[in-house]
Amino acid sequence: MITLSAIGIEINIFLLVFLGLAVGIVSGFVGVGGGFLMTPILIILGFPAHFAVGTSLTWIVGNSIIGTLRHRQLGNIDMKLGILMVVGTICGIEVGVRVLNLTRNIGLADEVVLSVSICMLLIIGVYTFWETRQRKTKLDDMLRRKEELPPDVRAVSISSKLQRINIPPMIHFAKSRVTISLWLILAVGFLTGILAGLIGVGGGIIMVPSLIYIIGLPSFMAVGTDIFQIIFSAAYGCIRHTMSGNVIIFAAFIMILGSCAGIQFGVLATRYLRGIAMRYVLASTILVAVLGSILKLIDIISESAITWLQTGVVAVTFGGMGLIMVMIIGLFTMAVRYRTGKHIPIWVKSLVAKEN
Amino acid sequence: MSKRKKAAIHVAALSIVCGLIIWHVVHWHSTGMYVEMFTWLPMGKGYITVLYNLGLMLVLGAALGFLMQKITDLFGYEVREIQHFEGEGTNNNK
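Chains as they are written, first to last, in the working numbering: chain A, 682 to 1037; chain B, 391 to 484.
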C-alpha cells in the first residue's frame, strides 16, 4: 500500500500497476489514450474527479510515447498527418471547453450538451459496428465459397468522396497514400476536438474512426497516427492540469510501469489481426464510452444519489475494460493458433491476419 | 558484433537509466518532495512543476519504450513493418 498524501488516500501499488497494464493493452490496440477508462476507475478508487483527470492525462503522455515508439517500428504512423491533425484538435478541444463553460453561463444545462455528445458518439459507434459487420459478412461469404481472402484494405466509402473535394492547398501524404485538402484535415481535427472537449475525453475514441472513415487511413495506421498525436494533446492537458495542481505524479509513474508492458502487447497484436478486428473492438470501446456517458447523464438529471447508479458506474467501467481486454486477448490467441496451423472457428478466420 | 549482443548492451544501459529514474521518483515520494511541489504553485513557481512532470513522463516514456524494443530484439522477436497497401488496386477495397 502507498499513501498519496496530497489527496489523503491509501492505494495498493499492484492495483495501479495492473490498471496501467490493462488500459495499456486497450490503448495500444485501439489507439485511444485510455482516459475514458482510466479517469472513472481512478475516481472509483477514491481520487477526487479533477485529480483523476489530471493524473490520467499525465499518464497518457508517457503511455503514448511508448506506444508511438512501437507503432513507428511497425510503420503505423503518418507523422505529417498526425502533426497537422493535432493543430486542429488542440484548437477544437479549447473551443469545446469554452463552449461548455459558455453554455453553463447562459443557463443551458449540462444535460443538453451531454445528450448531444451521446447521440454523436452513438452514431460513430453504430456506424463503425455496421460498416465492420458488412465487411466481415463479405469476407465470411468468401471463406464459405473456399476463396482466398484478400489482403487487409481500408474503408473508403466516405473518404473517397471527401478526397475529391478540391480546396487548395491539397496535401499528399506519401506514407498513408492519401491526397486531401489541408482544410479538411484541420476541420476534422477541429470538430473531433470540440466533441472531445465537450465530453471531457482526450479524443482518441472519436479521432480513430475519423481517421479511418473520413481521411481514409488503413485501420492500424489510424491507430498509430492517433497515438502519436495524443502525445501532444495529452501534454497540453497535462500542462493545464499541473498548473491547477491536479496531478499526482507518483500515481502516474506507477501506472506507466504497468502500461509499458500492456501497450507492447496491444501494439504487437496489430500484427496478428486484420483491420476489421480492430474496428470491432473500437466499436465496442465507443459503445462502452456511450454507456458511461449515459450513466453520467442520469447522475446529472437525478438530484439525489442513487445506489444502483453507483453500482452501474462500477459495472460499466470495470466490465467494459474487462470485455475489451478479453476481446483483444481472445482474438490474439486465435490468431496465434491460426498461424501455427491449429483449428479455429470459421467466423474468426476473417478477423485474423495470415502473415505480417 | 551480433544483433543480439548489441541489444543486450542496450538493454543493460537502458535498465540502468530506468532504474535511476525509478530510484529518484521513489526517493522524492518518500521524502515528501512531491507534496512540497504543490506548495510551489501559488508561489508562482508552477512552471517548475509543469516542466518536471512533463519531463519525467517524456523521459520515462522514451526510456521504457526503447527498453521494451531492445528486450524484444534480445529475445530474437523480429518486428517487421505491416504491409498496409497490399490489397490496394483490387476490387475488394470498395
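Backbone N, C-alpha and C fix where the C-beta goes; we use that ideal spot for every residue, glycine too.
For ILE839 (chain A), there is no enclosing beta strand (DSSP E), as DSSP marks it with neither H nor E.
Within its own chain, the residues whose Cβ lies closer than 7 Å to the Cβ of ILE724 (chain A), once the five positions on either side in sequence are excluded, are ALA730, ALA733, listed in chain order.
The continuous stretches of beta strand (DSSP E) do not include LEU755 (chain A), and DSSP gives it neither H nor E. Nearest C-alpha to GLY735 (chain A) among A:MET888, A:ALA933, A:LYS817: A:ALA933.
Where ILE861 (chain A) is concerned, the enclosing beta strand (DSSP E) starts and stops at 859 to 862.
Under the 8 Å criterion on CB atoms, GLN754 (chain A) is classed as interfacial with respect to chain B.
From the listed residues A:ALA958, A:LEU795, A:SER925, the smallest Cα separation to THR818 (chain A) is found for A:ALA958. Contact annotation for MET391 (chain B) against chain A: no contact, minimum CB-CB distance about 21 Å [criterion: below 9 Å]. When DSSP states are grouped into helix, strand and coil, HIS853 (chain A) belongs to the strand group. For the stretch 806 to 819 of chain A, the residues whose beta carbon sits under 9 Å from a beta carbon of chain B are, in order, LYS819.
The stretch 757 to 767 of chain A and the stretch 1002 to 1012 of chain A do not touch, with fewer than three beta-carbon pairs separated by less than 8 Å.
One finds GLN754, LEU755 in chain A with Cβ atoms closer than 7 Å to the Cβ of VAL469 (chain B), taken in chain order.
Residue environment for ASP822 (chain A): exposed (fewer than 16 other C-beta atoms within 10 angstroms of its C-beta). Within the stretch 435 to 456 of chain B, contact with chain A at the beta-carbon level (separation under 7 Å) is assigned to GLY436, THR439, VAL440, ASN443, LEU444, LEU446, MET447, LEU448, LEU450, GLY451, ALA452, LEU454, GLY455, PHE456. Residue state for LEU954 (chain A) is assigned as strand, using DSSP reduced to three classes. Chain-order list of chain B residues neighbouring ALA916 (chain A): LEU444, by C-beta distance under 7 Å.
Taking the beta carbon of CYS919 (chain A) as reference, the chain B residues within 9 Å of it are VAL440, ASN443, LEU444, MET447, listed in sequence order. Here ILE722 (chain A) carries a helix assignment [DSSP, helix/strand/coil].
The count of Cβ pairs closer than 8 Å, one atom from the stretch 896 to 916 of chain A and one from the stretch 696 to 714 of chain A, reaches three, so the stretches are in contact. From the beta-carbon of ARG960 (chain A), no residue of chain B is found nearer than 9 Å; the closest lies around 15 Å away. In terms of Cβ geometry, ALA397 (chain B) and LEU464 (chain B) form a close pair [threshold 8 Å].
For LEU685 (chain A), there is no enclosing alpha helix (DSSP H); the enclosing beta strand (DSSP E) has its first and last residue at 683 to 685.
The beta-bridge partner set that DSSP reports for ILE692 (chain A) consists of A:ILE683. The beta carbon of ALA1016 (chain A) does not come within 8 Å of any beta carbon belonging to chain B, so the residue lies off that interface. Close CB contacts of ALA950 (chain A) within its chain, under the 7 Å cut and outside five residues either way in sequence, are with PHE710, ILE1009, PHE1013 (chain order). By the CB criterion at 8 Å, SER914 (chain A) and THR749 (chain A) fall outside the cutoff. Contact annotation: LEU963 (chain A) and PRO890 (chain A) have beta-carbon atoms nearer than 8 Å.
Taking the beta carbon of ARG952 (chain A) as reference, the chain B residues within 9 Å of it are VAL469, ARG470, ILE472, listed in sequence order. The C-beta of ALA933 (chain A) comes closer than 8 Å to at least one C-beta of chain B.
Around the beta carbon of ILE804 (chain A), fewer than 16 other beta carbons lie within 10 angstroms, which makes this residue exposed. It is roughly 7 Å from the alpha-carbon of ARG394 (chain B) to the alpha-carbon of GLY466 (chain B).
With 16 or more neighbouring CB atoms inside 10 Å of its own CB, ILE929 (chain A) falls in the buried class. In the DSSP assignment, PRO890 (chain A) falls within the unbroken alpha helix (DSSP H) covering 885 to 890.
Think of a sphere of 7 Å around the beta carbon of VAL904 (chain A): no beta carbon from chain B falls inside it, the nearest being about 10 Å out. The three-state secondary structure of VAL928 (chain A), taken from DSSP, is coil.
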